[in-house]
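Student: Chains L and R are the protein sequences, given in the same order.
For the first sequence, position 655 matches number 655 in the numbering used here, and the numbering has no gaps at all.
In short: position in the second sequence from 1, add 783, done, that's the numbering used here.
Cβ coordinates follow ideal geometry from the N, Cα and C atoms, glycine included.
Before I ask anything, let me first share the structure, which is written out below as structure tokens.
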Amino acid sequence: MTLQVLPRGKWLGARVKRVEDPRFLTGEAKYLADITLPGTVHVAFVRSPHGHARIRRIDTATAKEMPGVLAVFTADDVAPLPPLASGLPVEGLKPTPQPVLAKEKVRFVGEAIAAVVAESRYLAEDAAEQVTVDYEPLPAVVDAQRAMQPDAPTLHEELGSNIVYQKTTTLGDIEGAFAQADHVFRRRLHTNRFVAAPMETRGCISVYERASGHLTFYSSTQMPHMLRLFLALFLGIPEHKVRVISPEVGGGFGQKMTIYPEEVVVAYLGKVLGRPVKWVEDRRENLAAATHAKEQIIELEAAVRSDGRILGLKARLIGDGGAYSFNTASALIEPLAGAGLIPGVYDIQHYQHEVIAVCTNKSPVGAYRAVGWTAAQTARELFFDEIARELDLDPAELRRRNVISSEQFPYTTCTGMVYDSGTYRESLERALELVGYGELRRRQAELRQQGRYLGVGISLYVEPTAWGSEIALQAGFPFPSHDNATVTIDPSGKVRVAVSVHSHGQGHETTLAQVAAEILGVSIEDVVVEHGDTDRAPWGMGTYASRSAVIGGGMVALAAQEVRQKVLRVASRLLEVAPEDLDIQDGTVFVKGAPDRSLSMFQVAFAAYLDNRTRAEGEEPLLSATKFYDPRATYSNGCIVTVCEVDIETGLVRLDRIVAVEDCGTMLNPMIVEGQVMGAIAQGIGGALYEQITYDESGQLMTDTFVNYLLPGAAEVPPLTIEHLESPSPVTIGGIKGIGEGGLLATPASVAGAVLDALAPFDVHIERLPLTPERIVEAVGHS
Amino acid sequence: MARVSIGLTVNGQAVSAEVEPRMTLADFLRDELGLTGTKLGCEHGVCGACTVLIDGAAVRSCLMLAVQAEGADVLTIEGLSHNGLHPVQEAYWEHHGLQCGFCTPGMVLTAYAFLQERPDPSDEEIREALAGNLCRCTGYQNIVVAVRAAAEKLAGAR
Ligand code: FES
Ligand code: FES
């Protein structure tokens, strides 16, 4: 690969301030809710108050008569819209299509039943309250293991069971491993259901032009092109007449990857009503009906030698999929992705896993930063801590004895992942050094004498990144995954980079401009990055799964490289030297060794477009190239260590500090890498200590506001120390690896591990997260 | 619904309008005045995205009705600086105190009001002052650094 090493000059690898920031700081940036087109009407959805019920009758007559109301749509009115089903089916996963508006039954609190359209949002909400639905409540099931029992209430009667997927896979010689074991340990962990909760909720606007049949659809989505495709298919509008615009997006974290029923309904309403139709989700809707994440029941069994070497693992992963598996394999993504990463950074070749996906009366599951991996990492790391305690071994030492060493790269895991490079052992040692591990253990012993409980938690991780087709396959999802960039130098010498990856906080307008500027030899101020509009950006999958730095960086590098060659060819004719004798710096093309023989980028570009004499036979005037990139699989890694103190009387956890050593290969902009790591760590703290979506037995949602669904605030996040190790990937352009998810993949295990380490003298046993004060007090009380 | 007339000052400009009594101040600013820099993250008073300053104090505009702002002097993010960036905004920029930017207007205004009261705060005090503003992207650390840097900038300018 020609671009194995990217030039590192002024821009690449530098802590460049983000070029997109001023418009956010001044409030000028326009998010979905900030866009109002002339003639806009507003939607409020009527949603199910029941977890499970049959719909007997819906009465919309009163609502339709309310002031300002244009229409009330129910399932019958949207009959032409097909139900949402897995766009890309996975073998063995039973389909559970979700009607865009519930028809005969509702299966979770918050499921949309009717859409009310009115002149203002206030009026739409008034009218929505007047829609009366006659329900026949049914028994609900909110626990995945209960849902697996034959007598459990069944969500999808036609399937005869709530189990939509079940498969056992045996890798290596699992029986042999267990036969050789000195000890066999077991642990069960039921991870919490928690949610991305981006600060900006979902929302969309549908604008249909009847004369031309064109649909312009604004959506707070992470995947504009995929949304365009599916809207075209669902609505029966030819794709070339659909444009999706994703304006500024206030965070996504995976939740905005899904193509939602509300989006399809709103798109359709725009088409039928012929006026711009706008829907902005409120926070209650977001907590009830946007995708949930991360809840699994994981049972692990380990065959262990007395020296702490793990010989084999058995795992059973039950994913609590919620009411529908309506998006791409959504009920399955958690347990299937989790199963692949149970061995993680450890050298374990004998492994058996059973993956089960179950429907329950809860909001469906979708992606949230480190899908499946958070639960798997948490279960395994907490299990390893327990094994270390049982064997009276230091947990760091247990990890040393099992971790894959640098000499083993490329390392193929028993689950088929090919770890390309990394610093697994090194990141562990460095994190321990930074946190002062030896001293902490001494201090811990001392404090215990005084009745104070300090804990240290270690979470050592590997993160599949770059999400191209190869890594998707290695992670168990055989779907294609690639993207495109178009790099163009305009006639005046300025650079336009259009990309299919989408930014909702990642700073692509800066990092991808850094790549283009470095390769083209121009200043970052002369580069603009365009994304989020299907009419301006080339086709691609969007942003998810820590892929944009690798794929975005790679495709921009490829396209910029090609444009650079064109520039050099044009300049070579103008300066009458060979292209190889030319270089570009600071926007000037010059003869190497004779810098006064030079041309500005303006002169070269102007000539390329407008002076036909500069063009060689067969050369095109446009200084533009479009390149796609589907990277090889690459894996980031790191180690997160948490120090905390637990008050056993109140159950309160005080986080003292968190140290994260991470390795994402070549960094485009370390400042942005650190931002990604720190943000993900804070979400991980939420997952370990505060955040949980809960339902009662009847399927009622108990957490529908930020008053009862708690996000960590500034006071809950301790000082974070981030340090980088850099082992460039041997298989990607520039050696870049992704970084988006590691913090959330590994932090819950680190924080929960620290708490359980603090409580070690009490020999507590905790099977559920988050570690709330009540759970801690109860566990200590039972010890 | 009968409308009520109100008069107030927004970003230094006198404003008079007729509003429905139930309209929140946030919706008034956003929908009636087109000042969409004020964000809505929860509409129930927890996230702080809707923070504006009323007579110098940070207030959640989603919890307040427009009619309650009668006679008030309101400052929104759009009014913080007319020429380039305010030192607080600059500090957020320089220290990467924002990612998706959605919490940012509320964060900046909260920090601005806090620094007027407490020009030389400790990190702990900064974290407490920001405790009512949720950010899902940054993990807060860079925001704390930015607020500290803003305090220094403002002190230097005095
Ligand atoms: S929108 Fe006002 S506090 Fe959240
Ligand atoms: S920057 Fe996204 S919520 Fe704060």
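Can you tell me whether R:Gln882 sits near ligand 2, meaning its C-beta is under 7 angstroms from at least one heavy atom of the ligand?
Tutor: On the second sequence, position 99 is the one that residue 882 of chain R refers to. The answer is yes for R:Gln882.
Student: Give me every residue whose Cβ sits closer than 6 angstroms to any heavy atom of ligand 1, in chain order.
Tutor: R:Leu823, R:Gly824, R:Cys825, R:Glu826, R:Gly828, R:Val829, R:Cys830, R:Gly831, R:Ala832, R:Cys833, R:Arg843, R:Cys845
Student: With a threshold of 8 angstroms between beta carbons, is R:Val835 in contact with chain L?
Tutor: Residue 835 of chain R sits at position 52 when you count from the first residue of the second sequence. For R:Val835, the answer is no, since every Cβ of chain L falls outside 8 angstroms of its Cβ.
Student: Give me, in chain order, the residues of the same chain whose beta-carbon lies closer than 7 angstroms to that of L:Thr412; leave out the 5 immediate sequence neighbours on both sides.
Tutor: For the purposes of this step, residue 412 of chain L is identified with residue 412 of the first sequence, where counting begins at 1. Closer than 7 angstroms at Cβ, skipping near neighbours: Val418.
Student: Which residue from L:Ile458, L:Arg210, L:Val604 puts its Cα closest to that of L:Asp490?
Tutor: Residue numbering aside, residue 490 of chain L sits at position 490 when the first sequence is read from its first letter. In terms of CA proximity to L:Asp490, L:Val604 leads the group L:Ile458, L:Arg210, L:Val604.
Student: Which residues, in order along the segment 863-887 of chain R, keep a beta-carbon less than 7 angstroms from a beta-carbon of chain L?
Tutor: So the list reads Leu868, Gln872, Tyr875, Trp876, Glu877, His879, Leu881, Gln882, Cys883, Gly884, Phe885, Cys886, Thr887, given in the order they occur along the chain.
Student: For the putative contact between R:Leu836 and L:Gly713, defined by C-beta atoms under 8 angstroms, what is the C-beta separation to the nearest angstrom?
Tutor: For the purposes of this step, residue 836 of chain R is taken as the residue at position 53 of the second sequence. For the purposes of this step, residue 713 of chain L is taken as the residue at position 713 of the first sequence. Rounded to whole angstroms, the Cβ separation of R:Leu836 and L:Gly713 is 20 angstroms, and the two are not in contact under 8 angstroms.
Student: Rounded to a whole number of angstroms, what is the C-alpha to C-alpha distance between L:Met1 and L:Phe383?
Tutor: As a working mapping, residue 1 of chain L is identified with position 1 in the first sequence. As a working mapping, residue 383 of chain L is identified with position 383 in the first sequence. Confidence is the limiting factor: at L:Met1 the pLDDT is only 39, short of 50, which leaves the residue's position unreliable and the question unanswerable from this model.
Student: On the DSSP bridge assignment, give the partners of L:Lys736 in chain order.
Tutor: Here residue 736 of chain L is taken as the residue at index 736 of the first sequence, counted from 1. Checking the sequence, you will find Ile at residue 736 of chain L rather than Lys. Partner(s): L:Gly665, L:Thr666.
Student: Is there at least one non-hydrogen atom of ligand 2 closer than 7 angstroms to the beta-carbon of R:Thr921?
Tutor: In the second sequence, residue 921 of chain R corresponds to position 138, counting from 1. Checking the Cβ of R:Thr921 against ligand 2 gives yes.
Student: Could you name the residues of chain R that L:Gly675 contacts, counting a contact when the two beta carbons are closer than 7 angstroms?
Tutor: On the first sequence, residue 675 of chain L is found 675 positions in, with the first residue counted as 1. Going along chain R in sequence order, the residues near L:Gly675 (Cβ under 7 angstroms) are His879, Gln882, Thr921, Asn925.
Student: I want to check one thing, is the minimum distance from the CB of R:Thr893 to the heavy atoms of ligand 2 below 7 angstroms?
Tutor: Counted from its first residue, the second sequence places residue 893 of chain R at position 110. No, ligand 2 has no heavy atom inside 7 angstroms of this Cβ.
Student: Tell me whether L:Ile58 sits in a helix, a strand or coil according to DSSP, three-state version.
Tutor: Within the first sequence, residue 58 of chain L is the residue found at index 58, counting from 1. L:Ile58 falls in the strand class under three-state DSSP.
Student: Check distances from the C-beta atoms of the segment 893-924 of chain R to those of chain L and list, in chain order, the residues that come in under 9 angstroms.
Tutor: Shown in chain order are the members of the segment 893-924 of chain R whose Cβ falls below 9 angstroms from a Cβ of chain L: Asp906, Glu907, Ile909, Arg910, Glu911, Ala912, Leu913, Ala914, Gly915, Asn916, Leu917, Cys918, Arg919, Cys920, Thr921, Gly922, Tyr923, Gln924.
Student: Relative to the alpha-carbon of R:Gly880, which residue among L:Ala179, L:Gln683, L:Glu741, L:Gly675 has its alpha-carbon at the smallest distance?
Tutor: One-based indexing of the second sequence puts residue 880 of chain R at position 97. Measuring from the Cα of R:Gly880, the nearest candidate turns out to be L:Gly675.
Student: To be precise: take each residue of the segment 697-725 of chain L, compare its Cβ to all Cβ atoms of chain R, and keep it if any distance is under 8 angstroms. Which residues remain?
Tutor: Thr705, Phe706, Val707, Leu711, Gly713, Ala714, Ala715, Val717, Pro719, Leu720
Student: Suppose contacts are defined by Cβ-Cβ distances below 8 angstroms. Is L:Ala196 in contact with L:Phe234 by that definition?
Tutor: In the first sequence, residue 196 of chain L corresponds to position 196, counting from 1. In the first sequence, residue 234 of chain L corresponds to position 234, counting from 1. For L:Ala196 and L:Phe234, no; Cβs fall outside 8 angstroms.
Student: Take the Cβ of L:Met702 as the centre, count every other Cβ of all protein chains shown within 10 Å, and call the residue buried at 16 or more, exposed below.
Tutor: In the first sequence, counting from the first residue as 1, residue 702 of chain L sits at position 702. L:Met702 is exposed by the Cβ-count criterion.
Student: Using a Cβ-Cβ cut-off of less than 9 angstroms, give me the residues of the segment 226-252 of chain L that come near chain R, in sequence order.
Tutor: Glu248, Val249, Gly250, Gly251, Gly252
Student: Would a check of beta-carbon distances place L:Ile524 closer than 8 angstroms to chain R?
Tutor: For the purposes of this step, residue 524 of chain L is identified with residue 524 of the first sequence, where counting begins at 1. For L:Ile524, the answer is no, since every Cβ of chain R falls outside 8 angstroms of its Cβ.
Student: Note down, in chain order, every chain L residue with its Cβ under 7 angstroms from the Cβ of R:Ala832.
Tutor: What you label residue 832 of chain R is simply residue 49 of the second sequence in a count that begins at 1. Correct list: Met199.
Student: Tell me which residues of the segment 818-831 of chain R have at least one Cβ-Cβ distance to chain L shorter than 8 angstroms, keeping chain order.
Tutor: Cβ proximity to chain L below 8 angstroms picks out Leu818, Thr819, Gly820, Thr821, Lys822, Leu823, Gly824, Cys825, Glu826, His827, Val829, Cys830 from the segment 818-831 of chain R.
Student: Cβ of L:Met1 less than 8 angstroms from any chain R Cβ?
Tutor: To locate residue 1 of chain L, count along the first sequence from 1; it is residue 1. Confidence in L:Met1 is poor, its pLDDT being 39 and thus under 50, which makes the residue's placement too unreliable to answer from.
Student: Any residues in the segment 255-280 of chain L with a beta carbon nearer than 9 angstroms to a beta carbon of chain R? Which ones, in chain order?
Tutor: Val280
Student: Straight-line CA distance for L:Asp757 to L:Val515?
Tutor: Translated into positions along the first sequence, residue 757 of chain L becomes position 757. Translated into positions along the first sequence, residue 515 of chain L becomes position 515. Each residue's alpha carbon lies about 44 angstroms from the other.
Student: Would you say L:Ile333 and L:His190 are within 8 angstroms of each other, going by their C-beta atoms?
Tutor: By 1-based counting over the first sequence, the position of residue 333 of chain L is 333. By 1-based counting over the first sequence, the position of residue 190 of chain L is 190. For the pair L:Ile333 and L:His190, the CB atoms are not nearer than the 8 angstroms cut-off.
Student: Which runs of the alpha helix (DSSP H) at least 4 residues long sit entirely within the segment 571-659 of chain L? Give them in chain order.
Tutor: When DSSP assignments are scanned along the segment 571-659 of chain L, the uninterrupted stretches of alpha helix (DSSP H) that are 4 or more residues long and fall wholly within it turn out to be 601-610.
Student: Can you tell me whether DSSP reads L:Leu84 as helix, strand or coil?
Tutor: For the purposes of this step, residue 84 of chain L is identified with residue 84 of the first sequence, where counting begins at 1. In the structure shown, L:Leu84 sits in a strand (DSSP, three-state: E or B).
Student: Specify the secondary structure class of L:Val109 as computed by DSSP and reduced to three states.
Tutor: In the first sequence, counting from the first residue as 1, residue 109 of chain L sits at position 109. For L:Val109, the three-state secondary structure derived from DSSP is coil.
Student: Could you check where the beta strand (DSSP E) with R:Thr792 kicks off and where it finishes?
Tutor: As a working mapping, residue 792 of chain R is identified with position 9 in the second sequence. 787-793 is the span of the beta strand (DSSP E), which, as asked, contains R:Thr792.
Student: Note down the Cα distance separating L:Glu136 from R:Thr807, rounded to an integer number of angstroms.
Tutor: Here residue 136 of chain L is taken as the residue at index 136 of the first sequence, counted from 1. Here residue 807 of chain R is taken as the residue at index 24 of the second sequence, counted from 1. Rounded to whole angstroms, L:Glu136 to R:Thr807 spans 37 angstroms at the Cα level.
Student: Assuming L:Gly203 is part of the alpha helix (DSSP H), what are its boundary residues?
Tutor: By 1-based counting over the first sequence, the position of residue 203 of chain L is 203. Where L:Gly203 is concerned, there is no enclosing alpha helix (DSSP H), although the beta strand (DSSP E) it sits in stretches over 203-209.
Student: Under a CB-based cut-off of 8 angstroms, is L:Ile693 close to chain R?
Tutor: As a first step, residue 693 of chain L is located in the first sequence; it is residue number 693 there, counting from the start. For L:Ile693, the answer is no, since every Cβ of chain R falls outside 8 angstroms of its Cβ.
Student: For L:Thr534, collect the residues of the same chain with a Cβ closer than 6 angstroms to its Cβ; drop the 5 residues on either side in sequence, then sort them by chain order.
Tutor: Numbered from 1 along the first sequence, position 534 holds the residue referred to as residue 534 of chain L. The residues are Pro224, His225, Arg228, Arg243, Val244.
Student: Three-state secondary structure (DSSP) at L:Glu158?
Tutor: Taking the first residue of the first sequence as 1, we reach residue 158 of chain L at position 158. L:Glu158: helix per DSSP, three-state reduction.
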